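Comments concern the structure below.
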Amino acid sequence: MESAYFATQQVRSDAILMQLIFLVGLALLIAFQSNAQQPATQVIIVGTIHQPGRNFNPDSVAQILERIQPDLILVELDSSFFTPMLELKNAPRENEGLGIAQYRRQHRKVRMRPFDYEGRNEYHRRHGITTKPAEVMALLDKLYELRRLTSEQGTVLDTYYALTDSLAVVSHQSAYVINQPAVYRLAARRQQYQYQRLNAVVQARPELAAYHAFYQLNTEFWDTRNRAMAAHILAFVRQQQARRIVVLTGYFHKYYLLRELQPHQTTDGFELREYYHY
Numbered sequence: 001m002e003s004a005y006f007a008t009q010q011v012r013s014d015a016i017l018m019q020l021i022f023l024v025g026l027a028l029l030i031a032f033q034s035n036a037q038q039p040a041t042q043v044i045i046v047g048t049i050h051q052p053g054r055n056f057n058p059d060s061v062a063q064i065l066e067r068i069q070p071d072l073i074l075v076e077l078d079s080s081f082f083t084p085m086l087e088l089k090n091a092p093r094e095n096e097g098l099g100i101a102q103y104r105r106q107h108r109k110v111r112m113r114p115f116d117y118e119g120r121n122e123y124h125r126r127h128g129i130t131t132k133p134a135e136v137m138a139l140l141d142k143l144y145e146l147r148r149l150t151s152e153q154g155t156v157l158d159t160y161y162a163l164t165d166s167l168a169v170v171s172h173q174s175a176y177v178i179n180q181p182a183v184y185r186l187a188a189r190r191q192q193y194q195y196q197r198l199n200a201v202v203q204a205r206p207e208l209a210a211y212h213a214f215y216q217l218n219t220e221f222w223d224t225r226n227r228a229m230a231a232h233i234l235a236f237v238r239q240q241q242a243r244r245i246v247v248l249t250g251y252f253h254k255y256y257l258l259r260e261l262q263p264h265q266t267t268d269g270f271e272l273r274e275y276y277h278y
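All residue numbers for the sequence shown refer to the working numbering, where the first residue is 1 and numbers rise by one.
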């Protein structure tokens with residue numbers, strides 16, 4: 001009887017041990033799968049205002065960086081603004097550069113890199129992108145005042161200005177407001193009017209024949225530049241040298257970058273997040 005008792009106890013002990021081994025193995029498997037599914041890199045695109053204001057200034061940028069604790073910061077500049085040691089050639093004057101400098105005083109090892117279209121400013125100068133859009137709008141306004149635009153063309157102009165005014169209000173808000181989906185949708189619609197709908201009006205007006213080629217080039221460059229920016233961000237992701245990448249960009253660009261990057265999250269193993277989720 002005694003031997004039978006001990007035999008029964010041994011069986012029970014073995015069964016408990018096997019259950020424990022199974023549970024430990026299951027827990028390890030779940031943890032492994034969870035880690036395997038966790039994106040290697042988090043990309044946080046922060047829509048910014050370049051010039052300091054009451055609600056968005058260098059402190060705003062520094063506070064966002066402090067909240068996220070990035071390994072890499074990407075700025076809306078090209079390599080011509082950087083030294084061979086990948087530091088800014090000149091002292092920063094805009095919110096992003098000033099905020100980064102403030103943050104890096106306490107986080108000296110954090111890297112900063114450019115991600116804009118290479119030769120952006122030179123391209124702007126060469127093709128008159130800094131001056132000609134204002135010339136086109138002045139001529140459109142004159143045609144509008146003289147009632148030479150069609151009803152549909154006038155509506156396009158009215159809608160463009162209404163969208164522009166709405167975004168101007170946004171530009172005086174806090175970082176949290178600027179970085180909301182409703183603002184991305186507003187910016188997307190405004191840019192669609194600027195680069196597609198207004199382009200159609202310009203191309204249809206013989207009075208603007210001297211600007212037909214320019215406005216088409218300007219429209220195409222908006223797409224070219226944003227796609228180059230997204231491609232540069234992806235290149236940094238694929239290097240797999242940063243766990244958290246913060247992208248600081250003017251808030252007009254954010255909707256485009258999100259649209260370009262979202263389809264790549266699974267294939268390239270990263271996750272797009274908002275700064276206020278940290």
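Built from N, CA and C at the ideal position, the CB exists for glycine as well.
Note that this is a predicted model, so its numbers are computed, not measured.
Self-check item: Among 112, 242, 245 and 214, nearest to residue 130 - alpha-carbon criterion
Solution: The residue with the shortest Cα to Cα distance from residue 130 is 214.
Exercise. Give every residue of the same chain whose Cβ lies closer than 8 Å to the Cβ of residue 203, excluding the five residues on either side of it in the sequence, and list them in chain order.
Key: Closer than 8 Å at Cβ, skipping near neighbours: 212, 215 and 216.
Practice problem: Would you decide whether residue 249 is buried or exposed? Buried here means 16 or more other CB atoms lie within 10 Å of its CB. | Solution: buried
Quiz prompt | Sheet register partners of residue 44 (DSSP bridge) | solution = According to DSSP, which records beta bridges pairwise, residue 44 is partnered with 246 and 273.
Exercise. Taking all protein chains shown into account, decide if residue 42 is buried (16 or more other Cβ within 10 angstroms of its Cβ) or exposed.
Key: buried
Quiz item: Beta-carbon separation of residue 353 and residue 52 under 8 Å?
Solution: As shown, the chain starts at 1 and ends at 278. That puts residue 353 outside it, with no answer to give.
Practice problem: Using three-state DSSP, classify residue 143 as helix, strand or coil. | Solution: helix
Practice problem: From the DSSP output, read off the bridge partner residues of residue 73. | Solution: For residue 73, which the question treats as bridged, DSSP gives the partners 112 and 246.
Practice problem: Please list, in chain order, all residues of the same chain as residue 78 whose beta carbon is under 6 Å from its beta carbon, the five residues on each side excluded. | Solution: 114, 116, 118 and 120
Quiz prompt | alpha helix (DSSP H) runs wholly inside the stretch 193 to 260, at least 4 long, in chain order | solution = 198 to 204 and 212 to 239
Quiz item: So what does DSSP say about residue 56, is it helix, strand or coil?
Solution: coil
Self-check item: Endpoints, the alpha helix (DSSP H) within which residue 126 is located
Solution: 120 to 127
Exercise. Could you check which residue in 80, 94, 76 and 45 has the C-alpha nearest to that of residue 64?
Key: 45
Quiz prompt | alpha helix (DSSP H) segment containing residue 103, residue limits | solution = Run containing residue 103: 95 to 104, per the alpha helix (DSSP H) assignment.
Practice problem: Please say whether residue 71 and residue 244 have beta carbons closer to each other than 8 Å? | Solution: In this structure, residue 244 sits near residue 71, with a CB-CB distance shorter than 8 Å.
Practice problem: Determine, using beta-carbon pairs with one atom in the stretch 182 to 200 and one in the stretch 145 to 163, whether at least three such pairs fall under 8 Å. | Solution: yes
Quiz item: What separation, rounded to the nearest whole angstrom, lies between the Cα atoms of residue 124 and residue 237?
Solution: 28 Å
Quiz item: Buried or exposed: which applies to residue 89, given that a residue is buried once 16 or more other Cβ atoms fall within 10 Å of its Cβ?
Solution: exposed
Exercise. Evaluate the contact criterion for the stretch 224 to 234 versus the stretch 251 to 261: three or more CB pairs, one atom per stretch, below 8 Å.
Key: yes
Quiz prompt | DSSP three-state assignment for residue 163, whether helix, strand or coil | solution = helix
Quiz item: What do you reckon, is the C-beta of residue 194 under 7 Å from a heavy atom of the ligand COA?
Solution: Ligands in the displayed structure: none, and consequently the ligand COA is not present.
Practice problem: Determine the contact status of residue 73 and residue 251, defining contact as a CB-CB distance below 8 Å. | Solution: no
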